[in-house]
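Inspection log for the structure reproduced underneath, given as structure tokens.
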Amino acid sequence: MAHHTRFSLLGKRALVTGSSQGIGLAIAHGLADAGAKVILNGRSPDKLAKAAESFKASGITVDTLCFDVTEAEAITQALKTTGKTIDILVNNTGIQKRSLLVDMPLADWKAVIDTNLTSAFVVTQAVVKGMMERKSGKIINICSLMSELARPTTGNYAASKGGLKMLTKAMCGEWAKDNIQINGLAPGYISTELTQVLKNDPKFDTWIKGRTPANRWGEVEDLVGACVFLCSPAADFVNGQILTVDGGLSAVI
Ligand code: NAP
Ligand code: GCO
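Numbering (my numbering), first residue to last: 10 to 262.
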């Protein structure tokens, strides 16, 4: 296979959940640049329209599907409406509701688990049957450094990302035989709206830059190459793995 086709996504259609901003939007751009037709997702039509505009400079037209990943009916309805084949699914949507476990409202626990973990199960269940019929598919679950390491006030989030790591392996166990590759991408600390509150805290900002061997926050672009690789033919024999992109943070103490 020629090198330029090994990493090509030409002829593939990708749905990236939670791609109206941040990591999801950067991944969507990367998949489009590699040749995929892209469907953006989020809960806000205005944010999705703005995100779609950002592709126009490259002459790329993207589709959008506006649904809340915690609403199973909305997911099924949206995918039925589009009727388009999904070859690549990136389960990217994730939120934080930070507080110590001892005082954490049950609603905050449920919201994070539903958005970060259950949604991957529900959206994937709506997409994978087509992949099984076609004997082909790529699923990327956006895990986290917190699939392995916890930090006080993020117990709900760490549990959701640890669960997503194991769901990735479970999906591999059931669908690798159908030529579907399911892998996780685990970012370290990346500068987005989700972490803005941390970056704005001089103490935390200094700590994380010192704790990360690369001595910097990650940028959303730092994740794109790894995601394109996992979505490409180059990764057809990679399955059930979690690829960590964290500037070395999880490798050293
Ligand atoms: P972000 O900037 O807050 O973006 C989150 C995206 O998810 C937005 O597009 C948001 O759009 C969408 N979203 C939120 N709730 C949704 C829902 N219920 N249904 C559909 N879309 C929803 O966050 P990010 O930093 O890019 O994070 C993206 C993923 O990377 C998450 O899974 C996160 O856990 C993971 N991650 C982030 C970091 C980091 O340091 N930033 C590190 C490791 C892993 P709307 O609000 O318009 O719906
Ligand atoms: C936090 C952060 C982390 C990052 C990321 C690290 O509160 O410590 O939000 O959870 O978002 O998941 O990989």
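Glycine included, each C-beta is placed from N, C-alpha and C at the ideal position.
Take residue i as the anchor and find which of the options has the nearest alpha-carbon.
i: N192; options: A159, L154, C236, R160; result: C236
i: G146; options: V254, K138, A116; result: K138
i: A129; options: W226, G27, L57, D187; result: G27
i: L207; options: T162, A116, L18, L115; result: T162
i: F76; options: V25, P114, C181; result: V25
i: E142; options: N150, W118, N188, T177; result: N188
i: M10; options: A260, S241, D255, T253; result: S241
i: Q205; options: G51, W226, A185, V99; result: W226
i: G256; options: D245, I262, Y198; result: Y198
i: T94; options: V254, S53, G20; result: G20
i: M140; options: E183, G219, A35; result: E183
Is any heavy atom in ligand 1 found nearer than 7 Å to the beta carbon of residue i?
i: V137; result: no
i: G31; result: yes
i: L88; result: no
Which same chain residues end up closer than 8 Å to residue i when comparing Cβ atoms and leaving out the 5 residues on each side of it in sequence?
i: A243; result: R15, F16
i: T91; result: I48, D72, L74
i: V247; result: Q190, N192, L239
Report yes if the C-beta of residue i is less than 7 Å from at least one heavy atom of ligand 2; otherwise report no.
i: Q105; result: yes
i: S200; result: no
i: T163; result: yes
Go through its chain and collect everything with a Cβ distance to residue i's Cβ below 7 Å, but skip five positions before and after it.
i: G31; result: T201, E202, L203, V229
i: R107; result: T162, T163
Using C-beta distances below 6 Å, list every residue in its chain close to residue i, excluding the 5 sequence neighbours before and after it, in chain order.
i: I251; result: C152, K174, G193, A195
i: K23; result: The amino acid at residue 23 is misidentified as Lys; the sequence shows Ala. Cβ within range, chain order: L40, A45, V47, I97.
i: L88; result: A135
i: R52; result: D77
Starting from residue i, trace the alpha helix (DSSP H) both ways and give me its first and last residue.
i: Q134; result: 128-143
Task: Segment contact, 8 Å Cβ cut-off, at least three pairs: the stretch 210-219 with the stretch 146-157 - done: Contact between the stretch 210-219 and the stretch 146-157 is absent: fewer than 3 CB-CB pairs across the two stretches fall below 8 Å.
- [ ] Examine the Cβ distances between the stretch 162-172 and the stretch 58-65 and report whether three or more of them are shorter than 8 Å.
- [x] The stretch 162-172 is not in contact with the stretch 58-65.
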